[in-house]
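The sequence shown begins at 198 in my numbering and counts up by one.
Ideal Cβ positions, reconstructed from N, Cα and C, are used throughout, including at glycine.
Take a look at the structure below.
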Amino acid sequence: MNFLAKNKLLFFAISFVVIGAICNFALNSYIQALVVSFMINAIMALSLNFITGVANQFSLGQAGFMALGAYTSAVLTKVYFADQWYFIPLTAFAGALVSTVAGYLVALPSFKLRGDYLAIVTMGFAEIVRVLFLNWNFVGGPRGYNGVVKWPDFLTSYGFTGAALFLTFIVLYHLKISWFGRNLWALNEDEIAAEVMGTPIAKNKRFAFLFSSFFAGLGGALYGHHLGYFSPASFGFLMSVQILIFAVLGGLGSMSGSVLAAGILTALPEILRSLPTGGIDIRMIVFPILLILLMILRPQGLLGRKELF
Numbered sequence: 198m199n200f201l202a203k204n205k206l207l208f209f210a211i212s213f214v215v216i217g218a219i220c221n222f223a224l225n226s227y228i229q230a231l232v233v234s235f236m237i238n239a240i241m242a243l244s245l246n247f248i249t250g251v252a253n254q255f256s257l258g259q260a261g262f263m264a265l266g267a268y269t270s271a272v273l274t275k276v277y278f279a280d281q282w283y284f285i286p287l288t289a290f291a292g293a294l295v296s297t298v299a300g301y302l303v304a305l306p307s308f309k310l311r312g313d314y315l316a317i318v319t320m321g322f323a324e325i326v327r328v329l330f331l332n333w334n335f336v337g338g339p340r341g342y343n344g345v346v347k348w349p350d351f352l353t354s355y356g357f358t359g360a361a362l363f364l365t366f367i368v369l370y371h372l373k374i375s376w377f378g379r380n381l382w383a384l385n386e387d388e389i390a391a392e393v394m395g396t397p398i399a400k401n402k403r404f405a406f407l408f409s410s411f412f413a414g415l416g417g418a419l420y421g422h423h424l425g426y427f428s429p430a431s432f433g434f435l436m437s438v439q440i441l442i443f444a445v446l447g448g449l450g451s452m453s454g455s456v457l458a459a460g461i462l463t464a465l466p467e468i469l470r471s472l473p474t475g476g477i478d479i480r481m482i483v484f485p486i487l488l489i490l491l492m493i494l495r496p497q498g499l500l501g502r503k504e505l506f
C-alpha cells in the first residue's frame, strides 16, 4: 500500500471518528438515527449496484435478502443468545450467510434468463420470502417481530454499522477493479463477445449474485437491530424499488456514487417532511420529479461509472 493510499485511509478514519463524536455529543437522537440509517441504506445500495451496475443483471429481490438477514439475526439473538447485544455481529454474519445460500438457490435457475425476465424472477423471490414470514407465527406473522435487541448506545451502533459499510465498500470496490470485475464489465458491454473470448458467463454472474446477496442480508440484519422492530410489510416491493433508486441516482457501476445517493435520499425525505404542505406527503411528488429530471438531464446518474476518489 503506497503513501497516498495510507493517507486516504487515515483521512477517512479520522473523519469517521470526528463525525461520530460530533453526532454523539452535539446532535440529538433523531439525527443520530438518521446517520445510522444512511449507512444501512448505503450498504443496501452498494449490494444492488454490484449486481446491477457492474454485472448488468437487473434484480428486484434485494428486499427478500434483506428480510432473510433481518429475521435470521433477530431470531438467533433472541432464542440462542438471550438478547445480548454483543452477539449482534455474529448473528448478523449468520443472517448474511443465510441470504447468500438463498441467493445461490435463486441464481442456479435464474441466470439462464436476462433483463426483464430476471427482474421478474427476483421480484417473485422477494414476494415469496415476504409471504413466508407473513404466515409464520413463530416470527410474529403479520404482527411483525417485536423486541429485537438493539445496540446499547449510538457510538456502538455507529461503530459497528460504519465498520460494516467500510467492509462492504472495500470488498465490492476491489472486486470491481479485479480480474473478476473486468470479466463482469466485459459481460456488461457485450455478453456475446465475452462468451466468444472464453469468459464463463453463468459462473461469473452467480458469484456476483452471491456477493450481492451476502451484503444485502448483512444490511437487513443491521436494519432490524437498528429499529428494534420490523414486519413483513417492511420488506415489500417498495423497499426493493427504493434500493434501486439509490443505485441509479448515484450511477450504476459507481460504488462511491451509491454512498453519495444514499446520503442524499436519506436526508431529503426528512427535509421535505418539515415543509408546511398542509398534510400532503410532498415526498411522493418530489421523488418522481427528481427521477424524471435525472433520466432526462443525466441518465448515467450523478457519477456515472466514476468514483469520487
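Point to revise | Beta-carbon proximity of Phe411 to Ser296, cut-off 8 Å | key: If you check the CB distance, Phe411 and Ser296 come in under 8 Å.
Review point. Would you call the CB atoms of Ser270 and Gly421 closer than 8 Å?
Key: Cβ atoms of Ser270 and Gly421: closer than 8 Å.
Practice item. Go to Glu386, then tell me how far its alpha helix (DSSP H) extends in each direction, as first and last residue. Key: 376–386
Review point. How many angstroms separate the CA atom of Ala368 from the CA atom of Pro339?
Key: It is worth fixing the name first, because residue 368 is Val in this sequence and not Ala. Computed Cα separation, rounded: 36 Å.
Check your understanding: Going by the beta-carbon positions, is the gap between Gly346 and Asp280 smaller than 8 Å?
Key -> What sits at residue 346 in the sequence shown is Val, not Gly. In contact: Val346 and Asp280 (Cβ atoms closer than 8 Å).
**Study point:** Selected residue, minimal CA-CA separation from Met236, among Asn334, Leu287, Ala361
**Key:** Ala361
Practice item. Report the three-state DSSP secondary structure of Phe278 (helix, strand or coil). Key: The answer is coil: DSSP assigns Phe278 none of H, G, I, E or B.
Exercise for review: Consider the C-beta atom of Glu388 and the heavy atoms of the ligand SAM; say whether any pair is separated by less than 7 Å.
Suggested key: No copy of the ligand SAM occurs in the structure displayed, which carries no ligand at all.
Check your understanding: Exposed or buried, Ile489, counting other C-beta atoms within 10 Å across all chains shown (16 or more means buried)?
Key -> When all chains shown are included, Ile489 counts as exposed.
**Study point:** Identity of the residue in Met263, Ser375, Leu305 nearest Leu435 by Cα
**Key:** Met263
Practice item. Only counting runs of 3 or more residues, tell me where the beta strand (DSSP E) segments fall wholly within the segment 441–492, in order along the chain. Key: none
Review point. How many whole angstroms separate the CB atoms of Ile479 and Leu472, which I take to be in contact at a CB cut-off of 8 Å?
Key: 6 Å
Exercise for review: Closer than 7 Å by C-beta to Met198: which residues in its own chain qualify, once you throw out the five before and the five after it? Chain order, please.
Suggested key: For Met198, the predicted model reports a pLDDT of 48, less than 50, meaning its position is unreliable; a value from the coordinates is still stated below. Taking Met198 as the centre and dropping the five residues before and after it, the same chain places no C-beta closer than 7 Å to its C-beta.
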